[in-house]
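K.L.:
I'd like to ask you about the structure that follows.
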Amino acid sequence: VEISSFSGLTVDYARERGASIVAITSGGELAKRAQAAGVPVVQIPGGQPPRTALGYLMLPAAVVAERLGLLPAQDYDGAVEYLRIVASLHAVDRPFEENDAKQLAAELQGAVSVLYGLGGWQAAVANRWKGQINENAKNMTFANAFPELNHNEILGWVKADEQGVAKWVAVILTDGEESPKMQARARVTEGLIADKCTVCYVEATGRNLLEKMLNLVYYGDYVSLYLAALNGVDPEDIASINILKAELAKVPS
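To convert, count from 1 in the sequence shown and add 35; that's this note's numbering.
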């Protein structure tokens with residue numbers, strides 16, 4: 036079991052169940068407990084919001100899984116170099132006309148967005164986008180995945196234009212290599228909802244799955260920051276979460 040916690044305050048019960056454990060954390064209670072129990076600890080840098088530490092959390096977990104034979108070998112150096120290229124495409128100094136992340140952020144401003152992953156890993160990235168847009172941009176957004184949304188949510192669009200939302204935007208995350216059936220799902224769904232919302236596609240680029248996943252994650256992070264700027268909010272502010280935690284701390288366990 037890999038236990039990953041940026042703050043190190045996550046409570047775990049894996050050891051009680053007899054699991055072999057590797058802990059990945061910047062410190063805190065998790066590091067103390069792991070060290071006291073003789074559990075291997077991967078110490079990562081702290082001092083930043085957890086949502087900005089995805090690389091520190093994800094790559095050690097992937098390396099551990101690789102060494103345990105759970106994942107094939109990955110070209111991590113190549114992925115990092117590729118992300119530098121991606122960063123240049125979405126950078127602040129890149130003009131709006133040449134910056135897809137800025138353009139999508141502008142589309143999302145003032146809208147309620149739904150993020151649809153066209154497959155399993157794309158759905159995981161859609162959830163990452165959701166968290167980033169919620170936290171950084173203080174914007175309401177929801178995430179779902181194909182084919183699941185075709186069993187229920189697709190019917191929610193029938194009356195979407197009568198539900199008090201001024202602007203809906205659907206963002207479909209894809210890697211461009213989905214099966215013909217999955218591509219058809221996206222195409223037909225777009226046709227069914229296009230009169231209720233703006234439909235945008237974001238296609239991952241990269242030489243392998245790792246690069247594609249990180250490419251889409253990075254893209255979404257930039258979108259959330261540009262949307263925060265457009266909304267005039269501080270991306271680091273989590274006052275609502277802190278209030279919730281403080282109130283919960285007053286309630287007996």
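Cβ atoms here follow ideal geometry from the backbone N, Cα and C, with glycine treated the same way.
It should be emphasised that the depicted structure is a prediction, and the values quoted were computed from it without experimental measurement.
1) First and last residue of the beta strand (DSSP E) that includes T176?
2) In the DSSP assignment, the alpha helix (DSSP H) including S55 goes from what residue to what residue?
3) Can you list the alpha helix (DSSP H) stretches of 4 or more residues lying completely in the stretch 131-162, in chain order?
4) So T233 is in the beta strand (DSSP E); what residue range does that whole segment cover?
5) For Y111, count neighbouring C-beta atoms within 10 Å of its own C-beta (all shown protein chains included) and say buried if the count is 16 or more, exposed if not.
6) List the endpoints of the continuous alpha helix (DSSP H) containing T87.
7) Grouping DSSP H, G and I as helix and E and B as strand, with all else coil, what is V77?
8) Measuring CB to CB, does G81 end up less than 7 Å from G62?
9) From G191, D128, D135, E116, pick the residue whose C-alpha is nearest to that of V149; which is it?
10) From the DSSP output, in three-state form, read off L103 for me.
11) Rounded to whole angstroms, how far is the Cβ of D269 from the Cβ of Q167, which I believe are closer than 8 Å?
12) May I ask which residues mark the beginning and end of the alpha helix (DSSP H) holding V200?
13) Let me check understanding here. Comparing Cα to Cα, which of M175, V115, E170 lies closest to A274?
14) In the DSSP assignment, what residue or residues form a beta bridge with T209?
P.N.:
Concretely, from the data shown:
1) Locating residue 176 in the sequence shown gives position 141, where the first residue counts as 1. Start and end: 176-180.
2) Taking the first residue of the sequence shown as 1, we reach residue 55 at position 20. Element bounds for S55: n/a, residue is neither H nor E.
3) 135-143
4) Counting from one through the sequence shown, the residue named residue 233 turns up at place 198. Start and end: 233-238.
5) By one-based count along the sequence shown, residue 111 stands at place 76. Classification of Y111: exposed, given that the 10 Å Cβ count is below 16.
6) Taking the first residue of the sequence shown as position 1, residue 87 is located at position 52. That residue, T87, is in no alpha helix (DSSP H); it is neither H nor E in DSSP.
7) Within the sequence shown, the letter at position 42 stands for residue 77. It is a strand residue.
8) Numbered from its first residue, the sequence shown carries residue 81 at position 46. Numbered from its first residue, the sequence shown carries residue 62 at position 27. Yes, the Cβ-Cβ distance between G81 and G62 is below 7 Å.
9) To locate residue 149, count along the sequence shown from 1; it is residue 114. Cα-wise, what sits closest to V149 is G191.
10) Indexing the sequence shown from 1 puts residue 103 at position 68. The answer is coil: DSSP assigns L103 none of H, G, I, E or B.
11) In the sequence shown, the residue the question calls residue 269 occupies position 234. In the sequence shown, the residue the question calls residue 167 occupies position 132. The pair is not a contact, with the Cβ atoms about 14 Å apart (cut-off 8 Å).
12) Residue mapping note: residue 200 aligns to position 165 of the sequence shown, counting from 1. V200 -> no alpha helix (DSSP H), and no H or E assigned at all.
13) Counting from one through the sequence shown, the residue named residue 274 turns up at place 239. For the residues M175, V115, E170, the minimum Cα distance to A274 belongs to E170.
14) Locating residue 209 in the sequence shown gives position 174, where the first residue counts as 1. E238.
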